[in-house]
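Student: Structure below; questions to follow.
Chains as they are written, first to last, in the UniProt record's numbering: chain A, 1 to 451; chain B, 1 to 590.
The following block contains the structure:
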């Protein structure tokens with residue numbers, strides 16, 4: 001259980017998607033998200049599809065509980081489009097998925113590509129209507145003269161059908177690419193952020209949104225920073241944070257003014273002048289920011305590490321976790337192959353005690369908070385989402401190690417042997433249990449505590 | 001489709017088709033069918049409607065929103081089709097399901113229909129069927145049903161027994177404390193309405209504490225609605241309780257940390273002022289209002305600025321002038337120079353309305369300088385708002401005081417680079433014509449009106465033609481003949497065919513107002529002469545114009561003058577010209 005903070009032995013549970021070598025571009029997973037009770041797990045891919053997995057009811061009941069998920073619904077959320085005014089192709093890739101809190105039997109989620117946000121309803125139907133007046137049972141039309149009495153149709157049980165229907169389309173509000181969407185705790189509004197602006201929407205109103213942050217300079221040549229991620233506070237409806245490419249995070253209070261150009265707090269760690277290099281600015285860019293479930297902390301991911309901030313302390317992070325420090329000496333080649341611009345996401349465990357984020361070579365890292373600093377860094381793990389793991393179901397995952405120096409110990413892998421094409425960018429943690437979902441290119445791996 | 005009303009009453013077939021279409025794949029057909037639900041019910045009779053149709057409808061509530069919306073609406077008027085008031089409760093179950101769907105519009109409609117249906121319940125039936133439904137919804141698993149429940153209390157409460165009333169108050173109280181903000185919002189929204197039917201003693205003991213709690217909710221969106229309810233709640237209480245029960249909340253919310261809540265207070269200020277009574281309005285609200293006008297957030301200032309006139313008008317007459325001059329006017333002076341143009345334009349839209357309240361002397365001394373400042377404001381909207389409200393000042397001090405500043409402002413707006421601004425000022429021209437008088441208008445503004453006719457934006461040219469019509473209506477045909485028509489006629493010989501077309505468009509509207517004589521004598525010859533224009537668009541517009549002006553022509557000229565021209569156009573090589581010529585011929589003949 002995640003609640004007691006005890007040791008978790010991570011085991012392979014399932015892998016979704018083909019394990020064959022040739023991977024089509026469209027199948028690359030671009031986001032992963034559990035819903036609020038963890039019953040459903042949604043992924044979006046480069047082909048604009050959303051796949052929803054449902055927790056197997058049997059796996060939940062057996063002791064110990066298993067975290068097995070089956071496909072529940074698949075639908076095409078976005079299609080490729082072309083902006084004729086700007087002569088730009090709009091990719092169908094799903095950038096983000098966010099679940100709404102449940103409001104009735106159906107489930108609702110927001111999905112977005114670069115420009116357009118859609119609200120989807122996913123609902124079940126297990127009834128079918130029978131009894132026609134103008135047709136025979138077989139479906140043939142009935143002779144009108146033979147219709148002598150009126151029949152009211154009746155409803156019969158039928159096979160369960162899951163249907164996804166688009167309910168709202170929020171378009172034409174973003175000039176730049178949308179990188180984040182986040183629902184407000186008031187459950188009626190959400191924000192969407194692109195490179196330079198953040199807009200506030202009402203879930204029921206598609207034809208207007210309010211601009212709450214605009215960092216576009218009057219002259220685009222003076223542009224020095226862009227918004228990289230934005231998120232609402234989990235309980236305080238008036239607070240939201242956004243991170244920037246300069247490594248800062250701003251907290252804004254919507255109560256203060258209609259336009260939140262002036263932040264309430266600015267979280268920024270002073271730069272170490274000794275560590276300064278050509279790449280400093282690039283690697284300090286924040287690729288993801290997530291508030292803890294309690295709302296007291298937030299975590300930011302930059303290229304090489306994770307930082308945990310206390311919302312009440314702006315001057316420096318309260319915890320820092322290097323993710324792949326061994327890459328610091330490789331920045332030059334990572335710059336050349338563009339990997340340095342990869343946007344790694346990060347996530348909190350349900351109890352806020354653990355953090356997870358991705359790396360290269362199929363590796364992802366889990367940090368036990370408070371475990372760090374204790375010499376051997378007992379509380380941190382490097383695991384691998386790979387076919388090898390899939391070949392050994394229910395077996396504990398082996399902890400992986402990367403050799404920081406040329407002298408490689410047994411079990412260690414050399415930095416030069418890392419496969420930089422196997423990136424783990426998107427991960428998700430079940431809201432209450434020790435179940436994690438890790439997207440590795442076109443595969444979704446589900447791991448869980450030993451069972 | 002055979003679903004149309006074929007009129008063959010004896011045949012069941014159309015009804016059968018209608019019923020089958022309730023489950024058609026095509027949403028439009030389902031929608032049509034639902035909209036004719038009463039026809040189906042009538043054919044089935046009350047018995048079968050109750051036992052078959054209503055259960056079927058209850059079970060199939062998973063359709064598209066628009067279908068559900070139509071269904072929710074239909075069911076509200078279904079009482080007679082299920083057998084009258086006695087059976088009204090039959091309608092509750094489908095409406096109950098509809099009240100739980102996620103679409104707010106559908107839920108709202110279902111609640112509206114439930115409210116309508118409740119009126120047909122006897123007190124016994126209310127307690128037997130309706131109240132349990134309200135309680136089921138109020139205790140529902142999903143917030144959608146609980147939110148819907150909030151709107152049903154006020155309709156059943158007055159007609160049930162005391163113990164049930166107590167239960168209902170208890171239910172409402174728990175909705176006010178619900179976990180989800182949506183339900184608390186719905187409760188805050190309906191609190192005022194519910195309070196109106198609850199006995200005053202219980203309003204004080206039960207509802208006011210709820211209202212106070214909601215007004216301090218952690219969610220801005222809930223506090224905002226509670227602020228909105230302030231006025232409604234205040235209106236129910238006797239004046240002596242106001243200070244203790246309502247004013248603390250008003251004061252707190254007017255200083256709320258969230259600008260949206262303060263905005264709502266500003267927005268509802270006049271209602272609140274009327275509810276609390278003259279005394280409190282003078283002693284307390286004036287100060288709060290003053291603070292709102294000085295708010296740090298422009299949206300709040302703008303909302304408050306919009307209320308200045310009404311607030312001042314409703315002040316206690318004995319102190320009105322003193323309060324305005326000492327408390328409000330200084331704020332207005334600041335707002336005139338506000339940094340935010342929305343604030344300035346909100347103020348500009350009402351500031352003229354203060355003149356009648358403060359009287360001639362104060363207007364000249366204090367307000368006139370402000371009007372003049374706003375007339376020179378850099379933002380066109382501000383100037384426009386001043387100009388569009390001239391009539392209030394006209395009555396008090398006469399427009400002459402303003403003319404000197406007015407004219408440059410009008411001219412500048414008329415030549416603004418944004419066509420929407422030009423459009424707006426054109427729309428005010430007829431009004432200005434009335435206020436400024438014909439002589440002044442001829443001298444300074446007729447030129448402008450004519451220049452718009454050759455504007456490069458079509459919308460402006462179109463508005464300019466309509467403007468001409470209104471001016472002629474105001475100043476009469478004789479004025480038109482001397483001042484307008486010569487200039488318009490000149491356009492018929494312009495190089496640019498668009499100008500020649502505009503000429504025709506002018507004729508279309510002018511012939512209506514100029515009268516038979518001028519139309520036949522002056523306008524017609526030029527139109528006829530343009531039938532030989534080398535641009536086809538002009539030629540077919542000639543045909544259209546001739547058709548339009550025919551009713552205003554002397555009937556004697558139609559055969560000898562108009563007909564031959566149309567006949568000629570009817571054999572034009574251009575198909576469009578031919579088409580419109582034949583249309584015109586048919587139109588004139590008919």
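Beta carbons are placed, not taken as given, at the ideal position from N, Cα and C, and that holds for glycine.
Counting pairs of Cβ atoms below 8 Å between the stretch 392 to 407 of chain B and the stretch 349 to 358 of chain B, do you hit three or more?
Tutor: Verdict: yes, contact present.
Student: Run through chain B and tell me which residues come within less than 9 Å of residue 37/A, C-beta to C-beta.
Tutor: As a first step, residue 37/A is located in the first chain; it is residue number 37 there, counting from the start. Residues of chain B passing the Cβ test: none, with the nearest at roughly 13 Å.
Student: Taking just the CA atoms, how far does residue 331/A sit from residue 282/A?
Tutor: Counting from one through the first chain, the residue named residue 282/A turns up at place 282. Counting from one through the first chain, the residue named residue 331/A turns up at place 331. Their backbone Cα atoms lie some 10 Å apart in a straight line.
Student: For the stretch 92 to 115 of chain B, enumerate the residues whose C-beta is nearer than 9 Å to any C-beta of chain A, in chain order.
Tutor: Going along the stretch 92 to 115 of chain B in chain order, one finds 100, 101, 102, 103, 104 and 105 with a Cβ nearer than 9 Å to chain A.
Student: By alpha-carbon positions, which one of 321/A, 431/A, 417/A and 209/A ends up nearest to residue 360/A?
Tutor: For the purposes of this step, residue 360/A is taken as residue 360 along the first chain, with counting starting at 1. Selected option, being the one with the closest Cα: 417/A.
Student: Using a Cβ-Cβ cutoff of 8 Å, what residues of the stretch 120 to 147 of chain A are near chain B? List them in chain order.
Tutor: Hits within the stretch, in order: 121, 123, 125, 127, 129, 132, 133, 134, 135, 144 and 147.
Student: Helix, strand or coil for residue 373/A, going by three-state DSSP, please let me know.
Tutor: Residue numbering aside, residue 373/A sits at position 373 when the first chain is read from its first letter. Here the model assigns residue 373/A a pLDDT of 48, short of 50, so the residue's position is not dependable and the matter cannot be decided.
Student: Does any residue of chain B have a CB that is nearer than 8 Å to the CB of residue 152/A?
Tutor: Within the first chain, residue 152/A is the residue found at index 152, counting from 1. By this cut-off, residue 152/A is an interface position.
Student: Have a look at residue 264/A and residue 446/B and give me their C-alpha separation to the nearest angstrom.
Tutor: Indexing the first chain from 1 puts residue 264/A at position 264. Indexing the second chain from 1 puts residue 446/B at position 446. Spanning the two alpha carbons is a distance of roughly 55 Å.
Student: If I measure Cβ to Cβ from residue 501/B and keep anything under 8 Å in the same chain, skipping five residues before and after, which residues do I get?
Tutor: Stepping through the second chain from its first residue, residue 501/B is reached at position 501. So the list reads 537, 538 and 541, once near-sequence residues are dropped.
Student: Do we get a CB-CB distance below 8 Å when we pair residue 257/A with the residues of chain B?
Tutor: For the purposes of this step, residue 257/A is identified with residue 257 of the first chain, where counting begins at 1. Yes - at least one Cβ of chain B is within 8 Å of the one on residue 257/A.
Student: So with CB distances below 7 Å, who are the chain A contacts of residue 15/B?
Tutor: Counting from 1 along the second chain, the entry for residue 15/B is found at position 15. Within 7 Å Cβ-Cβ: 150.
Student: Alpha carbons only, please: which of 116/A, 441/A, 150/A and 432/A is nearest the one belonging to residue 65/A?
Tutor: The residue given as residue 65/A occupies position 65 in the first chain. The shortest C-alpha separation from residue 65/A is found at 432/A.
Student: Can you have a look at residue 171/A and say buried or exposed, based on whether 16 or more other CB atoms are within 10 angstroms of its CB?
Tutor: Numbered from 1 along the first chain, position 171 holds the residue referred to as residue 171/A. It counts as exposed.
Student: Please classify residue 450/A as buried or exposed, where buried requires at least 16 neighbouring CB atoms within 10 angstroms.
Tutor: Position 450 of the first chain, counting from 1, holds the residue named residue 450/A. It is exposed - the Cβ of residue 450/A has fewer than 16 other Cβ atoms within 10 Å.
Student: On the three-state DSSP scale, how would you describe residue 356/A?
Tutor: In the first chain, the residue the question calls residue 356/A occupies position 356. Residue 356/A: strand per DSSP, three-state reduction.
Student: Please name the residue in 486/B, 535/B and 495/B whose C-alpha comes closest to that of residue 526/B.
Tutor: Locating residue 526/B in the second chain gives position 526, where the first residue counts as 1. That would be 486/B, whose Cα lies nearest to the Cα of residue 526/B.
Student: Once you ignore the five residues that flank residue 373/A on each side, which residues in its own chain have a CB closer than 6 Å to its CB?
Tutor: Taking the first residue of the first chain as position 1, residue 373/A is located at position 373. With a pLDDT of only 48 at residue 373/A, under the threshold of 50, the placement of this residue in the model should not be trusted, and no figure is reported.
Student: On the CB-based measure, 16 or more other CB atoms within 10 Å of its CB, does residue 484/B come out buried or exposed?
Tutor: Along the second chain, one-based indexing puts residue 484/B at 484. Counting Cβ neighbours within 10 Å, residue 484/B comes out buried, since at least 16 surround it.
Student: For residue 426/A, write down the residues that DSSP places opposite it in a beta bridge.
Tutor: Here the question's residue 426/A lines up with position 426 in the first chain. Paired residues: 439/A.
Student: With a floor of 4 residues, list each alpha helix (DSSP H) that falls wholly inside the stretch 54 to 95 of chain B, ordered by position along the chain.
Tutor: The qualifying runs are 54 to 59 and 65 to 75.
Student: DSSP beta-bridge partners for residue 130/A?
Tutor: Sequence index remark: in the first chain, residue 130/A carries index 130 (1-based). Paired residues: 154/A.
Student: State the Cα-Cα distance for the pair residue 70/A and residue 51/A, rounded to the nearest angstrom.
Tutor: In the first chain, residue 70/A corresponds to position 70, counting from 1. In the first chain, residue 51/A corresponds to position 51, counting from 1. Whole-angstrom Cα-Cα distance: 10 Å.
Student: Residue 231/A lies in the beta strand (DSSP E); which residues open and close that run?
Tutor: Residue numbering aside, residue 231/A sits at position 231 when the first chain is read from its first letter. Start and end: 227 to 232.
Student: Mind checking if residue 505/B is an interface residue toward chain A, Cβ cutoff 8 Å exclusive?
Tutor: Along the second chain, read from residue 1 onward, the residue named residue 505/B stands at position 505. So no, residue 505/B is outside the interface.
Student: Between the C-alpha atoms of residue 218/A and residue 196/A, what's the straight-line distance to the nearest angstrom?
Tutor: Working through the first chain from its first residue, we reach residue 218/A at position 218. Working through the first chain from its first residue, we reach residue 196/A at position 196. So the alpha carbons of these two residues sit roughly 12 Å apart.
Student: What number of angstroms, rounded off, separates the C-alpha of residue 245/B from the C-alpha of residue 219/B?
Tutor: In the second chain, the residue the question calls residue 245/B occupies position 245. In the second chain, the residue the question calls residue 219/B occupies position 219. One C-alpha to the other measures close to 22 Å.
Student: For residue 516/B, is the classification buried or exposed, using 16 other Cβ atoms within 10 angstroms of its Cβ as the cut-off for buried?
Tutor: The count along the second chain starts at 1 and reaches residue 516/B at position 516. Residue 516/B is exposed by the Cβ-count criterion.
Student: Hey, how far is the Cα of residue 514/B from the Cα of residue 473/B?
Tutor: The count along the second chain starts at 1 and reaches residue 514/B at position 514. The count along the second chain starts at 1 and reaches residue 473/B at position 473. So the alpha carbons of these two residues sit roughly 8 Å apart.
Student: Which residues in chain B sit within 8 Å of residue 89/A, going by Cβ to Cβ distance?
Tutor: In the first chain, counting from the first residue as 1, residue 89/A sits at position 89. The contacting residues do not exist; residue 89/A stays about 32 Å from chain B at best.
Student: Taking only beta-carbon atoms, is residue 491/B less than 8 Å away from chain A?
Tutor: As a working mapping, residue 491/B is identified with position 491 in the second chain. It does not: the Cβ of residue 491/B has no partner Cβ on chain A nearer than 8 Å.
Student: Smallest Cα separation from residue 307/A: which of 347/A, 143/A and 54/A?
Tutor: Counting from one through the first chain, the residue named residue 307/A turns up at place 307. For residue 307/A, the nearest C-alpha among the options comes from 347/A.
Student: So, does the stretch 270 to 280 of chain A touch the stretch 198 to 218 of chain A, judging by three or more C-beta pairs under 8 Å?
Tutor: The stretch 270 to 280 of chain A vs the stretch 198 to 218 of chain A: no contact.
Student: Please list the partners that residue 258/B has in chain A, where partner means a Cβ-to-Cβ separation under 7 Å.
Tutor: Along the second chain, read from residue 1 onward, the residue named residue 258/B stands at position 258. Going along chain A in sequence order, the residues near residue 258/B (Cβ under 7 Å) are 238 and 255.
Student: Within 8 Å (strictly less), CB to CB, does residue 265/A reach chain B?
Tutor: Taking the first chain and counting its residues from 1, one reaches residue 265/A at position 265. No, no contact with chain B.
Student: At a CB-CB cut-off below 7 Å, which residues of chain A make contact with residue 220/B?
Tutor: Looking up residue 220/B in the second chain gives position 220. The contacting residues are 237, 238 and 255.
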